[in-house]
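Working notes, beginning with the structure itself.
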Amino acid sequence: MSIKYIQKLASILDMLENINQDLDLVGYNETEKKIFYTIVNNIHNNKKCNITDVIQVSGFSRSTVYKAIKEFENQGLVSLIQSDEDRREVFLDLGIA
Amino acid sequence: MKYFTQVSLTTYIAAILVYALWATITFAEPDKGWIGSIVYLPHGPRVLFYCFFGYRALPALFLAETTGPALVYGEQYPDYWAIANIGSLLCVVLAVEIVKWSRVTTFNYSILNKINFANYKFLILVIIISALFNSIFTNLIVSAFNSDMQITVMVVFRFFIGDIAGAAVFLTYLIIMFQLLRKRKIYKVNDN
Chain X
2 MSIKYIQKLA
12 SILDMLENIN
22 QDLDLVGYNE
32 TEKKIFYTIV
42 NNIHNNKKCN
52 ITDVIQVSGF
62 SRSTVYKAIK
72 EFENQGLVSL
82 IQSDEDRREV
92 FLDLGIA
Chain A
235 MKYFTQVSLT
245 TYIAAILVYA
255 LWATITFAEP
265 DKGWIGSIVY
275 LPHGPRVLFY
285 CFFGYRALPA
295 LFLAETTGPA
305 LVYGEQYPDY
315 WAIANIGSLL
325 CVVLAVEIVK
335 WSRVTTFNYS
345 ILNKINFANY
355 KFLILVIIIS
365 ALFNSIFTNL
375 IVSAFNSDMQ
385 ITVMVVFRFF
395 IGDIAGAAVF
405 LTYLIIMFQL
415 LRKRKIYKVN
425 DN
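Chain order of the listed sequences is X and A.
Take the first sequence: its letter number 87 is residue 88 in our numbering, and every next letter is one higher.
Take the second sequence: its letter number 20 is residue 254 in our numbering, and every next letter is one higher.
Below, the structure written as structure tokens:
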């Protein structure tokens, strides 16, 4: 590959990185991404997901998971739905579905 | 020559893939094909590759914009759209020259000056200006060849918004893809 070609591709990546930093489109940290992926994966596999499932599967502490879910809820990525059978149980659903 | 080949291949493959994706979504329901012009994805690669690779990307862009629709429509694809495609590409060239001429990037105008598009604000400026020209000139060219076609203000406005929205969606997709590829370790989550 010619150096000029690689430089041009690198400048495209620079431009995308600059937009990303300014707009903070993918601004979640690795922990939050892993928690979100766990939620999506659980909903996909089991059709439902509660906070205990997320804590067990992701391996993060209860407070970390709660904090991340609160952030997702504020961003409209997930919504919390109270169980009809047990009012103490809360299920997670994808806000974008 | 090697650089030109690399630029042409990259541009052609990316542009034709984007066109194929856009056409697949748009022509899923042929009666509502006009909806596709609200988010015209191919405007994204058109601007991106011309801005970064310069005039060397133009032949591949023209080829992609001509062969893409020809593959979808077959023989029904009118020849005059090829002229409209040249017009669309010239709109991008003109938009880049206007950004240079405005001297917001460098303090003296020269056709040989280069803009640092890593500063994405210039790219956005080119997207908007070229979308404006494209919405007017493409419709003018098409209406000149096809007198049956009704060009209204709404059609021109739809083209303008469609080009901007399409380029925005294309860039957003690239940002997300590159971020995910760079940090792909997020996929390492234990399954039950």
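Ideal placement from N, C-alpha and C gives every residue a C-beta, glycine not left out.
Next item on the list: Going by CA-CA distance only, name the one from X:4, X:93 and X:22 that's closest to residue 77 of chain X.
Entry: X:93
Next item on the list: Could you tell me the distance, in whole angstroms, from the CA atom of residue 409 of chain A to the CA atom of residue 317 of chain A?
Entry: C-alpha separation (whole angstroms): 32 Å.
Checklist line | Run of the alpha helix (DSSP H) containing residue 323 of chain A, from where it starts to where it stops | finding: 314-335
Notebook entry, point to check: Under 7 Å between the Cβ atoms of residue 245 of chain A and residue 304 of chain A?
Noted result: no
Margin query: Tell me the DSSP secondary structure of residue 80 of chain X in three-state form.
Written below: strand
Item checked: Cross-chain neighbours of residue 359 of chain A in chain X, by beta carbon under 9 Å -> The contacting residues do not exist; residue 359 of chain A stays about 13 Å from chain X at best.
Check: Going straight from the alpha carbon of residue 367 of chain A to that of residue 52 of chain X, what length do you get?
Finding: Approximately 52 Å between the Cα atoms of the pair.
Item checked: Beta-carbon proximity check, residue 3 of chain X vs residue 237 of chain A, cutoff 7 Å -> If you check the CB distance, residue 3 of chain X and residue 237 of chain A come in under 7 Å.
Check: Checking contacts by CB at 7 Å: is residue 356 of chain A closer than that to chain X?
Finding: no
Check: Does residue 349 of chain A get closer than 7 Å to chain X when you measure Cβ to Cβ?
Finding: no
Notebook entry, point to check: Does the beta carbon of residue 352 of chain A sit closer than 7 Å to a beta carbon anywhere in chain X?
Noted result: Contacts with chain X at 7 Å (Cβ-Cβ) include residue 352 of chain A.
Margin query: Could you tell me the alpha carbon to alpha carbon distance between residue 351 of chain A and residue 297 of chain A, rounded to whole angstroms?
Written below: Approximately 24 Å between the Cα atoms of the pair.
Checklist line | residue 88 of chain X, buried or exposed, once every other Cβ within 10 Å from all chains shown has been counted against 16 | finding: exposed
Margin query: I want to verify the contact list: residues of chain X whose CB lies under 8 Å from the CB of residue 403 of chain A, in sequence order.
Written below: Residues of chain X passing the Cβ test: none, with the nearest at roughly 12 Å.
Next item on the list: Quick one: using the 10 Å Cβ neighbour count with 16 as the cut-off for buried, is residue 391 of chain A buried or exposed?
Entry: exposed
Notebook entry, point to check: Going by DSSP, which residues form a beta bridge with residue 92 of chain X?
Noted result: X:51 and X:82
Notebook entry, point to check: How about residue 329 of chain A and residue 360 of chain A: do their beta carbons lie closer than 7 Å?
Noted result: The answer is yes: Cβ separation under 7 Å.
Item checked: Cutoff 7 Å: residue 384 of chain A Cβ touching any chain X Cβ -> no
Margin query: I want to verify the contact list: residues of chain A whose CB lies under 9 Å from the CB of residue 6 of chain X, in sequence order.
Written below: For residue 6 of chain X, the chain A residues whose C-beta falls within less than 9 Å of its own C-beta are 236, 237, 240, 241, 244 and 287, listed in chain order.
Margin query: One question on the structure: do residue 332 of chain A and residue 362 of chain A come within less than 7 Å of each other, judged by their Cβ atoms?
Written below: no
Margin query: According to DSSP, simplified to helix, strand and coil, what is residue 423 of chain A?
Written below: Here residue 423 of chain A scores only 40 on pLDDT, less than 50, and its place in the model is too uncertain to base an answer on.
Note to self: Below 8 Å, how does it come out for the stretch 275-288 of chain A and the stretch 239-258 of chain A: are there three or more Cβ pairs, yes or no?
What the structure shows: yes
Next item on the list: Tell me where the alpha helix (DSSP H) around residue 354 of chain A begins and ends.
Entry: 354-379
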